[in-house]
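In what follows, a structure is listed as structure tokens, so that the remarks can point back to it.
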Amino acid sequence: CFQYNAKDEL
Amino acid sequence: MNIFRFSGDMTHLMSVLVLLLKIHTIKSCAGISLKTQELYALVFLARYLDIVTNFISLYNTIMKLIFLGSSFMIVWYIRRHRIVRRSYDKEHDTFRHLFLVLPCFILALLINERSAFKEIMWTFSLYLEAVAILPQLVLLQRTKNIDNLTGQYVFFLGAYRALYICNWIYRYFTEPHYVHWITWISGLVQTLLYADFFYYYFNSWKNNVKLQLPA
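Sequence lines, in order, name chains A and B.
The first sequence lines up with residues 1 to 10 when you count with the working numbering.
The second sequence lines up with residues 1001 to 1215 when you count with the working numbering.
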């Protein structure tokens, strides 16, 4: 499954 | 949040502040590319579509608001402010937006992690940010005398990108399953675009001479 923790960056 | 990510955000913030300082206090936007500033405004608009729906932290929300607000403020200053706009170098800032926006948008439609609207816009913003500095670099090359603030502005932007790469390397080794090819490759391309500028920036600093890029 995809991890979306790059979205916590600006 | 690690030290690289935080330092990266701070140098990004510094670059914006240096630019606003130049525009607001000296009332000049000489050597600043309006095209690049408009592309950045578009980048933040496309990336922060989730600003109200996806809350991560107060820090994130405030920084997003600062980047959105400042990018539109800078564009407003260059286009509309009656004194600032006179110093805009229209003749040399000739890069066409569409040459960058269109390929980035098509690429985002083709290569993305998930084909939802917000996801495509987010991916588009990553691709566009990678190349948005190009009009500014072209303008610097055409400008004979680059003033200190403009040089520092580009330097801080480049430092922000380099620190983000350190952040990704750090996160890769410390967080489970932290793999983001799209973010990494577009980020790497973006950082490489600054390599040439950095070379001349450090040379001018070392030899204590005025910064000038070869044509």
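Think of the CB as a built atom: it goes at the ideal place given N, C-alpha and C, for glycine as much as any other residue.
- Taking all protein chains shown into account, N1148 (chain B) has fewer than 16 neighbouring C-beta atoms within 10 Å of its C-beta and is therefore exposed.
- Looking at B:T1061, B:M1073, B:Y1077, B:F1044, the one whose alpha-carbon comes closest to that of T1123 (chain B) is B:F1044.
- Straight through space, the alpha carbons of N1208 (chain B) and F1055 (chain B) are spaced by roughly 46 Å.
- For I1056 (chain B), the chain A residues whose Cβ falls inside 8 Å of its Cβ are K7, D8, in order along the chain.
- Rounded to whole angstroms, the separation of the alpha carbons of I1133 (chain B) and N1203 (chain B) is 21 Å.
- Rounded to whole angstroms, the separation of the alpha carbons of E1129 (chain B) and Y1170 (chain B) is 22 Å.
- DSSP, reduced to helix, strand and coil, places N1167 (chain B) within a helical segment of the structure shown.
- Less than 9 Å separates the beta-carbon of S1071 (chain B) from that of A1041 (chain B).
- A distance below 7 Å between beta-carbons, with the five flanking residues on each side excluded, links L1211 (chain B) to the following residues of its chain, in chain order: I1146, G1151, Y1200, Y1201, S1204.
- Closer than 9 Å to the CB of R1005 (chain B) there is at least one CB belonging to chain A.
- For the segment 1177–1188 of chain B, the set of positions with a beta-carbon nearer than 8 Å to some beta-carbon of chain A reads H1177, Y1178, V1179, H1180, T1183 in chain order.
- Think of a sphere of 8 Å around the beta carbon of N1060 (chain B): the chain A residues whose beta carbon falls inside it are D8, L10, in chain order.
- DSSP, reduced to helix, strand and coil, places F1055 (chain B) outside both helices and strands of the structure shown, so it counts as coil.
- A distance below 9 Å separates the beta carbons of K1035 (chain B) and F1095 (chain B).
- Contact between H1097 (chain B) and E1038 (chain B) holds: CB atoms are separated by about 7 Å, below the 8 Å threshold.
- Chain A places no beta carbon closer than 9 Å to that of M1010 (chain B), leaving this residue out of the contacts.
- Not one beta carbon of chain A lies nearer than 9 Å to the beta carbon of Y1170 (chain B).
- Non-local beta-carbon contacts of Q1136 (chain B) in its own chain, meaning distances under 7 Å to residues more than five positions away in sequence, involve S1033, T1036, V1154 in chain order.
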